[in-house]
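Colleague:
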Amino acid sequence: MIYPLSHRGPDGFGFFRDDVAGLAHARLSIIDLEGGWQPITNEDHTLWIIFNGEIFNYPELRAALIKKGHVFTTQSDTEVIIHLYEEKGADCLAELNGQFAIAIYDSKKQALFLARDRMGIRPLYYLVDNGTFYFGSEIKALFSGDQAIPRELSTATLSDIFTFWCPTDQRTIFKNVYQVLPGHYLEVSKSSGVKDPVRYWSLPFNPDACGKRSERDYGDELRALLIDSVRLRLRADVPVGAYLSGGLDSSAITSLVRHYTDNSLKTFSVAFEDKVYDESVEQNEMVHYLNTDHHSVQCSYARIAEVFPEVIWHTEVPILRTAPTPLYLLSELVRQNQYKVVLTGEGADEIFGGYDIFKEAKIRAFINSQPDSKLRPYLLKRLYPYLALSPTKSAQYAKKFFATDATIDDLYYAHRPRWKTTSGTHAFFSERMADESAGHLRGLRFLQDDLGGLDYFNRAQYVECKLLLANYLLSSQGDRVAMAHSVEGRFPFLDHRVVEFAGRLPVNYKMKVLNEKYILKQAVKDILPERVVSRKKQPYMAPDILSFFGASEPAYIEHYLSDTLLEEAGFFNPGAISKLLKKCRKGGRQGFKENMAFVGILSTQILYDKMVKNFRVSTPDRLRNIKVVS
C-alpha cells in the first residue's frame, strides 16, 4: 500500500504492525531530518502515529509538554502530536496550527483515530471492504491493499463534478471510497467499527457590526497575523521557496518574507506561450522589486497535452480545466532546484472575497433591486475582462448569461450562474448519466445547515471555501500536483487565525464597492509596487482545448476518446463526442461549455482506463531506507 505513495515521501519508508493493525509511512524529510522517522510511539509504546503534513507551532507545544513531564526522543513535530493526544485526546486538534492528515493507533484499545486539518490542505481517504478498514493519503494506496477491492466510478459523483467542478461532501469519484472532511476526525475500533465523523472546527463567517472597528485596526491586525503566519511557515530544516504568480496574493506573501524575515528568497513561476494566460511581465516586476533568485517554467500547448495523463493519475479525479497541469510542471521545476517546500498565496481569494464570482453576485443583487434599469446591467461589463471570449462584452448578453431563477435569498445565489454554465456539459452524457444528473443539488445537503443566517456575500464565500477550495484548488490544483514531485506547499492565508479573522470582517472591508480584497490591499500596500495593488484581478488559468489540437494533438486522444472505450465506460455519448472532436479540430478558441466538456470527458476516460480497467502498481522486490517498528 505504501509504495504507490513513494512520490509523496521519497526519502524512505517506516512500518508498524501488530495482530490488529498495520501502519506505513513514506517520508518527505523536512523537520528533524535524522530523527523524525515514522511511525513514532509514546513512552509506553501503546500509541503509534503516522502523519502527513506540518505542525507549525510544534516548538511551543513541545516546550509545554516537556514541562508536564513528557519525554521526547526526537525533535520532530510528529512526536508533539502523539504526546498532546495523550494529554487531551481529540481536543488536541484545537491546539494545532498546521496542515495535516493524522493517524494514531491505540494498541491497548485496538482503536484508530484519524484527523484532517481545518481547511483540508492534506488529503485523507478511507474505505471498508470485506471487514477491513483501509486508509491513506491517496486512493491508489487503498486499491493496492487488496487487488480484489472493487474499483468503480460513481455516476452520482461524476454528475456533481460536471456541475460543481468537484466531488461533494464525503464522497469521492470512486464508489465506497470516502474522504475525511476538512475540520473533522474519525474513530474506528475493532469492537465498535467505524463511528460517525465528528466536526471539531467550522468556517467562522460571523461578521462584526459595521463601524465596530476602524479600517486601520483591521488592516494592522491582518498585517500582524500574516507576518506571524509566514514566519511559522518558514520553519523547516530545509530551504523554503515561494511561488510568485505576479498577482496580489503571492506577491504579498513573498514581500512579507523579504521584509520581515532573513530567509533567502528563491521564487518560482509559470509562464505561457499563449499570451492570454501569461503573466511574465508582472512576475518579472516583482522579481526585480524584491531581488529574488527566480526560476520559471515555460508551458507550451504541447507540454500541457504531453503530461496531462500523468496529472490525472495523481489527481485521481476528473477535472474540467487543465489548470493543474502547469502547476504539476512547476513543482517539477521546484524539485529540480533541490527544494522541497514552497509558500503559496492560495486561499486569499476565498476568505477575503477576491473572485469575480463575488463581484458578480454583488452586481446581480444591485441590478435585481431595480430590474427595469437600463444602466445597471452595464456594470456587468466590469467582470471577466481577462477572458479571451468574455460573456460581458455586451451588457445585454451578460445580463442573459448571468440570469437565473434564484432570488437573493437562495442559499446558492452567487453560484447559480456558474453551475448553469457548467451544467451545459451534461449534453454529452450517455442516457445512464443523464438519468443520474437529475436532482443534482442533492450533493450540497452537507452545506445547508451552515448557510442559514448568512448574507448572500458570506454564503458565496462559505460555499466557495467548503466546496471548491477544499475539493479542487487544494487537491487537484494543490496537494496532488505538488506532492507528485515531492514538494510541500504551505499556505499562510489559510492559517486558521487568518481565516477566523476574515470571518469577522464586515463585507465592505472585503469588497469596497467593487474593489476586491480591500483590507488585504490596505494591509500590504506599502510593501508592494502600486501597480500590483491596483491591478485588476486575473485568476490563474491555462489553455484547455487549444492544448490538445493542431500541431500538438497527442496520439492518446484516439485511444481514450474512441467509440470502443467510451461505450465500455458508459458515461458519455460517443456520437456527441465525435461532433465535439470535429469542432475542436477546426481550430480557434471554443466556449466555456466546450472547453469544460472536453477536458472533463478526457480526464474521466483517462481515470477509467488507469484506475478502473488497467490499475497496476509495481512494487520493487526490495524497498530502500526501511524502518520497521513493533
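Start counting the sequence shown at 4; every next residue gets the next number (the working numbering).
For every residue, glycine included, the Cβ atom is placed at its ideal position computed from N, Cα and C.
When you compare the CB of V466 with every CB in chain E, is at least one pair closer than 9 Å?
Modeller: The structure shown contains no chain E; it is built from a single protein chain.
Colleague: By the three-class DSSP mapping on this structure, what secondary structure does I58 have?
Modeller: strand
Colleague: Can you tell me where the beta strand (DSSP E) with Y221 in it begins and where it stops?
Modeller: Counting along the chain, Y221 sits inside no beta strand (DSSP E); it lies in the alpha helix (DSSP H) bounded by residues 218 to 236.
Colleague: Excluding the five sequence neighbours on either side, which residues of its own chain have a C-beta within less than 6 Å of the C-beta of P7, listed in chain order?
Modeller: Within the same chain, P7 has close Cβ partners K143, A144, S147, V620.
Colleague: Note down, one range per segment and in chain order, each beta strand (DSSP E) of at least 3 residues found wholly within the stretch 260 to 300.
Modeller: 269 to 275
Colleague: State the DSSP-derived secondary structure class of H187, mapped to helix, strand or coil.
Modeller: strand
Colleague: Give the range of the beta strand (DSSP E) segment to which T135 is assigned.
Modeller: 135 to 139
Colleague: DSSP puts A409 in a beta bridge; with which residues?
Modeller: A409 is not bridged to any residue.
Colleague: With a 10 Å radius around its C-beta and 16 neighbouring C-beta atoms as the bar for buried, classify F369 as buried or exposed.
Modeller: exposed
Colleague: I need the DSSP call for D438, collapsed to helix, strand or coil.
Modeller: Here D438 carries a helix assignment [DSSP, helix/strand/coil].
Colleague: If we ignore side chains and look at the alpha-carbon of each, how far apart do Q339 and C587 end up?
Modeller: 35 Å
Colleague: Which same chain residues, not among the five before or five after E439, have their C-beta less than 7 Å away from its C-beta?
Modeller: T158, A159, S162
Colleague: DSSP on V527, reduced to helix/strand/coil?
Modeller: The three-state reading of DSSP puts V527 in helix, counting H, G and I together.
Colleague: Which residue marks the beginning of the beta strand (DSSP E) containing A104, and which one marks its end?
Modeller: Per DSSP, the continuous beta strand (DSSP E) segment holding A104 begins and ends at 101 to 109.
Colleague: Is there contact between the stretch 603 to 616 and the stretch 571 to 591, where contact requires at least three CB pairs shorter than 8 Å?
Modeller: The stretch 603 to 616 and the stretch 571 to 591 touch, with no fewer than 3 CB-CB distances between them shorter than 8 Å.
Colleague: What residue from F432, A430, Y459, D453 has the CA that sits closest to R419's CA?
Modeller: Of all alpha-carbon atoms in F432, A430, Y459, D453, the one lying nearest the alpha-carbon of R419 is that of Y459.
Colleague: Check S32 in the structure and name its three-state DSSP category.
Modeller: coil
Colleague: Can you tell me which residues form a DSSP beta bridge with S192?
Modeller: Under the DSSP definition of a beta bridge, S192 partners with A114, G196.
Colleague: Are the stretch 270 to 277 and the stretch 357 to 366 touching, with three or more C-beta to C-beta distances below 8 Å?
Modeller: no
Colleague: Taking the alpha carbon of A308 as the reference point, which residue from A558, E282, F167, T175 has its own alpha carbon closest?
Modeller: A558
Colleague: Hey, how far is the Cα of V303 from the Cα of L225?
Modeller: Per the sequence shown, the amino acid found at residue 303 is Ser instead of Val. S303 and L225: Cα-Cα distance of roughly 38 Å.
Colleague: Kindly indicate the opening and closing residues of the alpha helix (DSSP H) around V131.
Modeller: Not the alpha helix (DSSP H): V131 falls in the beta strand (DSSP E), residues 128 to 132.
Colleague: Just list the residues that DSSP pairs K515 with in beta bridges.
Modeller: DSSP links K515 through a beta bridge to N518.
Colleague: Assign F574 to one of three DSSP states: helix, strand, or coil.
Modeller: When secondary structure is reduced to three states using DSSP, F574 falls in the coil class, being assigned neither helix nor strand.
Colleague: What residue from L50, T607, A97 has the CA that sits closest to F19's CA?
Modeller: L50
Colleague: Which residue from R11, M599, E353 puts its Cα closest to that of H28?
Modeller: H28 has its Cα closest to that of R11, out of R11, M599, E353.
Colleague: Could you tell me whether the stretch 219 to 236 touches the stretch 510 to 529, using the rule of 3 or more Cβ pairs below 8 Å?
Modeller: yes
Colleague: I'd like to check one pair, V501 with G250: are the Cβ atoms closer than 9 Å?
Modeller: no
Colleague: Buried or exposed: V74, going by 16 or more other Cβ atoms within 10 Å of its Cβ?
Modeller: exposed
Colleague: For T491, write down the residues that DSSP places opposite it in a beta bridge.
Modeller: Note that residue 491 is Glu in the sequence shown here, rather than Thr. As a beta-bridge residue in DSSP terms, E491 pairs with V344.
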